[in-house]
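Report on the structure given below.
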Amino acid sequence: MPRRYPPVLVVLHWLAAFLVVGALLGGTFNMADVPNTDPGKVATLRMHMIVGGLILVAMLVRLVVRARKGVPAPVAGPGWQVAAARAVHLGLYVVTIGMAASGGALAVASGLPGMVFGSAPLPESFQLFAPRMVHGVLATVLGVLVGVHVLAAFWHAGVKGDGIMARMWFGR
Ligand code: HEM
Ligand code: HEM
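Per my numbering, the sequence shown runs over residues -14 to 157.
And the structure:
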C-alpha cells in the first residue's frame, strides 16, 4: 500500500476540486436564477457543460487509477472517524458522478448541445425537464459533502497535525 497518493491522483484531485467548486458556485449563483432570456446565458451554459464533462472524465480516471495503483491506508483514528472519512469519500465520488450524469440527462432531454454549440433557442426554463430537479437536489447534497470534507481536512491538518495534506501532495 503506498504511503501517499500517487502523483496522478494528486493532480486529478486538485483539478477536480477546483472544477467542482467552480461548477457548484457558478451553477448556483450564475445560472439557477438567471432567466433563459438573459443574453449571457448560452455562454454560461457552454462553459458549465464543458467543465461538467471534464469533471466526469477526471473522476472516472481517478477511480481506474486508484483501483490499479492503490491508495494509502486510512489515517489512524477512532473507528467512527475512519468510517466517516470512507463514507464521505465514497459519497463525493458517487454524487459528483451523479451530478455529471444528471447534467448529461438534462442536456439530452432539453436538446442542450444544439443550443450551446448550435443556434437552437433555449427552453423557457430548464425546470420543465425532470433531470433538472435531480441535478438541483444533488447540488445541495454535494455542497454539504464538500463542506464536511474540507472542514475535516483542515481539522486533520491544523488540530490533529497528522500530515494529511502531505499525502494529497507531491513528495517522496
Ligand atoms: C479545499 C478543498 C479540499 C481540500 C483541502 C481537500 C483535501 C483532501 C485530502 C487531504 C485528501 C486525502 C484524504 C486521506 O488521505 O484520507 C482528500 C481526498 C479526497 N478528496 Fe478532497 N479536498 C478538497 C476538495 C475536494 C473536492 C471539492 C472534492 C470533490 C470531488 C474532493 C474529493 C475527494 C475525494 C473523493 C477524496 C478521496 C480520494 C481517494 O481515496 O481516491 N476533495 N481531499
Ligand atoms: C459534476 C459536474 C456538475 C456540477 C457540480 C453542476 C452544478 C450545477 C449547479 C449547482 C446548478 C444549479 C442548481 C440549482 O441551484 O438548482 C446546475 C444547473 C445546471 N446544470 Fe450543472 N453541474 C454539473 C454538470 C453538468 C453537466 C455535465 C451539464 C450538461 C451537460 C449540466 C447542465 C446544467 C443545466 C442545463 C443547469 C440548469 C441551469 C438553469 O436552470 O438555468 N451540468 N449545475
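No residue lacks a Cβ here, since even glycine has one placed at the ideal position from N, Cα and C.
- prompt: Does DSSP put residue 60 in a helix, a strand or coil?
  reply: It is coil, neither helix nor strand.
field: Proximity to residue 41 [Cα-Cα], best of 26, 57, 60, 8
entry: 8
query: Does at least one heavy atom of ligand 1 sit under 7 angstroms from the Cβ of residue 150?
result: yes
Length at least 4, wholly inside the region 87 to 156: the alpha helix (DSSP H) runs in chain order: 97 to 101, 115 to 140, 149 to 152
Alpha-carbon to alpha-carbon, residue -13 and residue 123: 32 angstroms
message: Assess contact between the region 48 to 59 and the region 128 to 135, defined as three or more Cβ pairs (one per stretch) separated by less than 8 angstroms. Is contact present?
response: no
- prompt: Are residue 80 and residue 4 closer than 8 angstroms when you measure CB to CB?
  reply: no
- prompt: Less than 7 angstroms between the CB of residue 85 and some heavy atom of ligand 2, yes or no?
  reply: yes
field: Between the CA atoms of residue 147 and residue 141 - distance to the nearest angstrom
entry: The alpha-carbon atoms of residue 141 and residue 147 are separated by roughly 6 angstroms.
- request: Take residue 26 as the anchor and find which of 16, 118, 34 has the nearest alpha-carbon.
  value: 16
message: Here's the rule: buried if 16 or more other CB atoms are within 10 angstroms of the residue's CB, otherwise exposed. What is residue 156?
response: exposed
- prompt: What residues in its chain sit with their C-beta under 7 angstroms from that of residue 90, if we drop five residues either side in the sequence?
  reply: So the qualifying residues of the chain are 116.
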